[in-house]
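Below, the structure is given as structure tokens:
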């Protein structure tokens, strides 16, 4: 691992530069990856909110989930921040008080280097983009400290894959993390999570428009059906059985007739099918299939104990960091017992806080997430 | 609905004919389907075990699940019966005492008419095969009574989709069912079950070798990847998160290296991925993709209350039938609460029996199913 973060590459902006919630970037040079690959040029895109104090002590790093991005709170002319209930002026992660920094993950499609980025030959990386891990993501983000003139994050925080990234941050750079919040996540991807991920990857690869990953330039936009199927699968794991039952039951979608006629292709849909179609279409409109694949495989690799003597050893060593571990009680993807196990493996004194919601995993993103305010206030001090 | 079951079509065998567990069939003529389609020629394949008593009072109808078939117990020269732990000489469904009849579902690929069957033009039905429901399946099976000279089944029994079929049998032909066992099933497919089914259907349709359903004759065997992905998805719902975690954890498969190298297509697999690959390959080797699609859509349509004033009215009317309702406590596809709701809607006196097993839905098929022996003995008398 080597990151050429000093001096800051020409053309990048400085900490005091742009307005809150506008994209900025940092050129890191070459990156040697954990599992052997190499990227000759890495750009990290990020956004910030608030003002960094002179001592650099009020910087909060917010890490996004699988299909998230750096726009965690609202920008100057939008109200699109994906966690705007929790991050903003006067919110629990108060941008009048904290300097919030949110990077876009390496391997994604939200600005940082990923499979759709041009390789040195000018063509998109596509199938040639190397395997990356959550540790590779953390390594790129480490460069933000030097760039912004910060010694340690006041807090590193994330939910779902963002929580896994936060935990990796703490385990990899413990001297540079004062507090860490890991929400609706776990210490290592489980067999179940790996299985669900495998299916999503397979759905993308199955689409004939995937072309092995080199679909850029196709008029049809590439493997949008495969990516849509992956999203359906993922979304089902983000919601609870009970929530789907209460919202949709066996209702047909509008006037559609799900009890098919003799013409099989024209069978109408149930409401829950239409809902999943909508979730698929929304993601397909904003996400690159190769990026989905890359980040999903990175998440499969998540194991904070890898190369550290196992999870107990890795987490037990994090004496100097104050942790908040939270779970959604109805989460069926990141089970509450996985948060409990994580808390138990950390140094003594960490208990799990709960979001009580029937919604499932997505509870950490919806209005239910305001239940995190008391424990976050306690953590943030 | 019209079934031309009398006289028995030429070439079909009689009740006393073939050896236990060998295929036989019945030509039913034309079938008008519940949702408007029509099949001009329907053949029902079935197998039997044991001897029918003169009064016809010892006949047990066993209905298979989504990818099951008529070979419920062992044949004369095999030990392949999919429920051989429960059905056979001296077993709880004792073929020395009962005359067991097991049909292959309409729309499947286990002998009865389905999408791979030649249409009147001599070509496989393929994309032209009509939408069928569980009631259409029951309608074809009703002809077995006349053919075999039986007035009513001593017991109708099934698990999973077989349980849904058994419940439909009881609700459609209550005068012809004395006892009914519904195992690991429900009264109507839920939003969750519909969502999981939709994804499986989409996986098959996404495969470029599907060709809209008219893939017969392709040298590559048709949409085997899509069917494999559908099976992975289904199989995950048949097993519990805990079982997968205990069996596989994050283990790599043999000497494979899941932390991919720079060559993305050569990433090694986790053990749980290999397990799902194996499950997919096993199904693909024995099942037709159009049949999977047809039966999956039939299962999506399952609602015993349809056209009967709702589930409570439909089940509350079944006064004359003795029921056994059983659930697997760890089932995440057919939740125990769905069995509880079904029992509550039946006439008073029905409580849910449980298979206690960490394995999940498949508990009704594995060795854990021997826990059904006491309640089945009670039901069978």
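Residue numbers (the working numbering), protein chains in the order written: chain X, 2 to 382; chain Z, 2 to 382.
For every residue, glycine included, the Cβ atom is placed at its ideal position computed from N, Cα and C.
Taking a Cβ-Cβ cut-off of 7 Å, the neighbours of residue 271 of chain X in chain Z comprise 195, given in sequence order. Using a CB distance below 9 Å, no part of the region 340 to 353 of chain Z faces chain X. Minimum Cα-Cα distance from residue 129 of chain Z among the listed residues Z:83, Z:210, Z:88, Z:117 corresponds to Z:117. In the three-state scheme derived from DSSP, where H, G and I count as helix and E and B as strand, residue 64 of chain X is classed as strand. Going by C-alpha positions, residue 62 of chain X is about 7 Å away from residue 154 of chain X. Going by DSSP, residue 169 of chain Z is part of the alpha helix (DSSP H) stretching over 162 to 173. Among the residues of chain X, those whose CB is under 8 Å from the CB of residue 189 of chain Z are 251, following chain order. Around the beta-carbon of residue 51 of chain X, 16 or more other beta-carbon atoms lie within 10 Å, marking it buried. Bridge pairing for residue 181 of chain Z: Z:157, Z:324 [DSSP]. Residue pairing by DSSP places residue 49 of chain X opposite X:102 in a beta bridge.
In the DSSP assignment, residue 335 of chain Z falls outside any alpha helix (DSSP H) and carries neither an H nor an E. Rounded to the nearest angstrom, the gap between the Cα atoms of residue 58 of chain Z and residue 96 of chain Z is 14 Å. A residue is called buried when at least 16 other Cβ atoms come within 10 angstroms of its Cβ; residue 201 of chain Z meets this threshold and is buried. Within 10 angstroms of the beta-carbon of residue 279 of chain X lie fewer than 16 other beta-carbons, which makes it exposed.
Assigned with DSSP and collapsed to three states, residue 136 of chain X falls in helix. The region 247 to 299 of chain X contains, as complete alpha helix (DSSP H) runs of 4+ residues, the segments 272 to 285 (chain order). Distances from the alpha-carbon of residue 312 of chain X to those of X:257, X:296, X:330, X:345 put X:345 closest. In the three-state scheme derived from DSSP, where H, G and I count as helix and E and B as strand, residue 189 of chain X is classed as strand. For a cut-off of 8 Å, the C-beta gap from residue 316 of chain Z to residue 347 of chain Z is around 5 Å, short enough to register as a contact. Nearest in C-alpha terms to residue 217 of chain X, of all of X:325, X:289, X:43, is X:289. Residue 40 of chain X carries a strand assignment under DSSP once its states are collapsed to helix, strand and coil. Restricting attention to Z:358, Z:274, Z:245, the CA atom closest to the CA of residue 257 of chain Z is found in Z:274. With the criterion set as a beta carbon lying under 7 Å from some beta carbon of chain X, the region 140 to 174 of chain Z has no members that meet it. For residue 302 of chain X, the chain Z residues whose Cβ falls inside 9 Å of its Cβ are 259, 260, 261, in order along the chain. The CB of residue 226 of chain X comes closer than 7 Å to the CB of 207 in chain Z, given here in chain order.
Residues of chain Z whose Cβ lies closer than 9 Å to the Cβ of residue 233 of chain X are, in chain order, 196, 199, 200, 203. Excluding sequence positions up to five before and after residue 377 of chain X, its CB lies within less than 6 Å of the CB of 93, all in the same chain and listed in chain order. When Cβ-Cβ separations below 8 Å define contact, residue 36 of chain Z makes contact with chain X. As DSSP reads the structure, residue 356 of chain Z sits in a beta bridge with Z:329. Sixteen is the threshold: since fewer than 16 other Cβ atoms of the shown chains lie within 10 Å of the Cβ of residue 247 of chain Z, the residue is exposed. Closer than 9 Å at the C-beta level to chain Z, one finds these residues of the region 320 to 338 of chain X: 333, 336. For a cut-off of 8 Å, the C-beta gap from residue 191 of chain X to residue 302 of chain X is around 13 Å, too long to register as a contact. Per DSSP, residue 31 of chain X is one residue of the beta strand (DSSP E) stretching across 25 to 33. For residue 246 of chain Z, the nearest CB of chain X lies under 8 Å from its own CB, placing it at the interface with that chain. For residue 91 of chain Z and residue 79 of chain Z, the gap between their C-alpha atoms comes out near 17 Å. The residue among X:182, X:169, X:244, X:220 with its C-alpha nearest the C-alpha of residue 353 of chain X is X:182.
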